[in-house]
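Residue numbers for the sequence shown follow my numbering, so the first one is 1 and each next one is one higher. One structure is given below, encoded as C-alpha cells.
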Amino acid sequence: LIRHAFRNNVTKISLTDHDNILGIEEAEKEAKNLGINFIKGVEISSQSKQFPVIHILGYHLKDFVYLNDVIKENSESLRERNTRIIAFLRENCNINVDINDFYSYFKGTVGKGNLAQYMTYKGYTSSFKDAEDLMRPYKAGAYGVDVKKAIKAICNAGGMAFLAHPYNLKKGDDILLEKIKEFMGFGL
Numbered sequence: 001l002i003r004h005a006f007r008n009n010v011t012k013i014s015l016t017d018h019d020n021i022l023g024i025e026e027a028e029k030e031a032k033n034l035g036i037n038f039i040k041g042v043e044i045s046s047q048s049k050q051f052p053v054i055h056i057l058g059y060h061l062k063d064f065v066y067l068n069d070v071i072k073e074n075s076e077s078l079r080e081r082n083t084r085i086i087a088f089l090r091e092n093c094n095i096n097v098d099i100n101d102f103y104s105y106f107k108g109t110v111g112k113g114n115l116a117q118y119m120t121y122k123g124y125t126s127s128f129k130d131a132e133d134l135m136r137p138y139k140a141g142a143y144g145v146d147v148k149k150a151i152k153a154i155c156n157a158g159g160m161a162f163l164a165h166p167y168n169l170k171k172g173d174d175i176l177l178e179k180i181k182e183f184m185g186f187g188l
C-alpha cells in the first residue's frame with residue numbers, strides 16, 4: 001500500500017484497518033523510508049441502539065494500549081458472528097467450512113469479506129459475489145463496542161475520532177445531525 005502510494009506521488013497517508021493495528025508499524029517504517037508523512041490510524045466497529053453499525057475512524061494515534069480492549073472485544077464478537085455464519089452455510093447451503101482452516105488464511109480482523117474470499121479460493125463458490133449472495137439471507141446482526149466506548153478509546157490513545165461514511169447510517173439528515181452532536185459529546 002505504501003509503495004503504491006509513493007509511486008502515485010502521495011505525500012501523506014494513514015492506515016485505518018478495521019479493528020486492527022497490526023500493520024501500522026510496518027506501514028510507518030516503509031512510509032518513513034520513502035519520505036511519506038504517515039498518520040497512525042484505525043477504524044473501530046461500533047454500534048448504538050439506533051444504529052447497529054457505526055464505524056469510527058481514529059487518526060494521529062499515540063498510545064495503542066488504550067485500543068487493546070476494544071480491538072479484543074470486537075475480535076471476539078466477530079469470531080462468534082463468523083461461527084454463526086459458518087453454521088448457517090452448513091445448515092442451509094450444504095457448505096462445510098473448516099473454521100480453523102479458514103482462520104489460518106488470514107491475520108488480524110477476519111469478517112464476512114474474508115469468508116467470501118475463502119469460499120471462492122476453496123471452490124465453494126465461483127466468485128466473491130456468489131459467496132456474498134449465499135451469506136446475504138443470514139442476518140448476522142451487529143457487532144462492535146458501544147460507540148461511546150470506541151470514541152473514548154481513540155481519544156484516550158491520543159487520537160482524533162471521526163465518523164466514517166455517515167450516510168451509510170440511512171436515517172435522514174435530521175437524525176444524523178442529532179447523532180453527530182451526541183457523538184461529539186463523547187469526543188468525536
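Don't be surprised by glycine CBs; every beta carbon is placed ideally from N, CA and C.
Problem - When 25, 74, 92 and 122 are compared against residue 62, the one with the closest alpha-carbon - result: Taking the sequence shown and counting its residues from 1, one reaches residue 62 at position 62. Scanning 25, 74, 92 and 122 for the CA closest to the CA of residue 62 turns up 25.
Practice task
Would you mind reading off the limits of the alpha helix (DSSP H) that contains residue 38?
Solution key: Counting from one through the sequence shown, the residue named residue 38 turns up at place 38. Looking at the DSSP string, residue 38 is not in any alpha helix (DSSP H); the run it does join, the beta strand (DSSP E), is 37 to 47.
Exercise for the section: State the beta-bridge partners of residue 58 as determined by DSSP. Expected result: The count along the sequence shown starts at 1 and reaches residue 58 at position 58. In DSSP, residue 58 forms a bridge with 42 and 161.
Handout entry: CA nearest to the CA of residue 36, picked from 134, 98 and 3
Key = As a first step, residue 36 must be located in the sequence shown, where it is residue number 36. The option with the nearest alpha carbon to residue 36 is 3.
Problem - The beta strand (DSSP E) enclosing residue 13, as first and last residue numbers - result: Here residue 13 refers to the residue found at position 13 when the sequence shown is read from its first residue. For residue 13, the uninterrupted beta strand (DSSP E) segment begins and ends at 12 to 15.
Problem - Proximity winner among 58, 8 and 102, relative to residue 163 (alpha-carbon distances) - result: In the sequence shown, the residue the question calls residue 163 occupies position 163. The candidate whose alpha carbon is nearest that of residue 163 is 58.
Practice task
Please report the residue range of the alpha helix (DSSP H) in which residue 168 lies.
Solution key: As a first step, residue 168 is located in the sequence shown; it is residue number 168 there, counting from the start. Element bounds for residue 168: n/a, residue is neither H nor E.
Exercise for the section: Go through its chain and collect everything with a Cβ distance to residue 126's Cβ below 8 Å, but skip five positions before and after it. Expected result: To locate residue 126, count along the sequence shown from 1; it is residue 126. Excluding sequence neighbours, residue 126 sits near 120.
Exercise for the section: Determine the DSSP secondary structure at residue 146, reduced to helix, strand or coil. Expected result: Sequence index remark: in the sequence shown, residue 146 carries index 146 (1-based). Residue 146: strand per DSSP, three-state reduction.
Practice task
Apply the 10 Å Cβ neighbour rule to residue 80 and answer buried if 16 or more other Cβ atoms are within range, or exposed otherwise.
Solution key: Walking along the sequence shown from the start, residue 80 turns up at place 80. Using a 10 angstroms sphere on the CB of residue 80, the tally of other CB atoms stays under 16, which defines it as exposed.
Practice task
Confirm, please, whether the CB-CB distance from residue 74 to residue 138 is below 9 Å.
Solution key: Taking the first residue of the sequence shown as 1, we reach residue 138 at position 138. Taking the first residue of the sequence shown as 1, we reach residue 74 at position 74. Taking C-beta atoms as the reference points, residue 138 and residue 74 fail to come closer than 9 Å.
Handout entry: C-alpha distance - residue 23 paired with residue 91, whole-angstrom precision
Key = By 1-based counting over the sequence shown, the position of residue 23 is 23. By 1-based counting over the sequence shown, the position of residue 91 is 91. CA-to-CA, the gap between residue 23 and residue 91 works out to about 35 Å.
Handout entry: Beta bridge counterpart(s) of residue 18 as assigned by DSSP
Key = Counting from 1 along the sequence shown, the entry for residue 18 is found at position 18. The partner list for residue 18 (beta bridge, DSSP) reads 43.
Practice task
Just tell me which of 188, 178 and 87 has its CA closest to the CA of residue 160.
Solution key: As a first step, residue 160 is located in the sequence shown; it is residue number 160 there, counting from the start. Comparing Cα positions, the closest option is 188.
Practice task
Could you name the residues of the same chain whose beta carbon sits closer than 6 Å to that of residue 102, not counting the 5 residues immediately before and after it, in chain order?
Solution key: Working through the sequence shown from its first residue, we reach residue 102 at position 102. Spatial neighbours of residue 102 in its own chain (CB-CB distance under 6 Å, excluding positions within 5 residues in sequence) are listed in chain order as 118.
Practice task
Decide if residue 184 is buried, meaning its Cβ has at least 16 other Cβ atoms within 10 Å, or exposed.
Solution key: By one-based count along the sequence shown, residue 184 stands at place 184. In this structure residue 184 is exposed. Its beta-carbon is surrounded by fewer than 16 other beta-carbon atoms within 10 angstroms.
Problem - Meets three-Cβ-pair contact criterion under 8 Å: the stretch 2 to 16 and the stretch 41 to 54 - result: Under the three-pair Cβ rule at 8 Å, the stretch 2 to 16 counts as touching the stretch 41 to 54.
Practice task
Measure the CB-CB distance between residue 171 and residue 51 and report whether it falls below 9 Å.
Solution key: Counted from its first residue, the sequence shown places residue 171 at position 171. Counted from its first residue, the sequence shown places residue 51 at position 51. In contact: residue 171 and residue 51 (Cβ atoms closer than 9 Å).
Practice task
Would you decide whether residue 83 is buried or exposed? Buried here means 16 or more other CB atoms lie within 10 Å of its CB.
Solution key: Counting from 1 along the sequence shown, the entry for residue 83 is found at position 83. Its Cβ having fewer than 16 others within 10 Å, residue 83 is exposed.
Practice task
Report the rounded CA-to-CA distance for residue 21 versus residue 165, giving the unit in angstroms.
Solution key: For this step, residue 21 is matched to residue 21 along the sequence shown. For this step, residue 165 is matched to residue 165 along the sequence shown. Straight-line spacing of the CA atoms in residue 21 and residue 165 works out to 20 Å.
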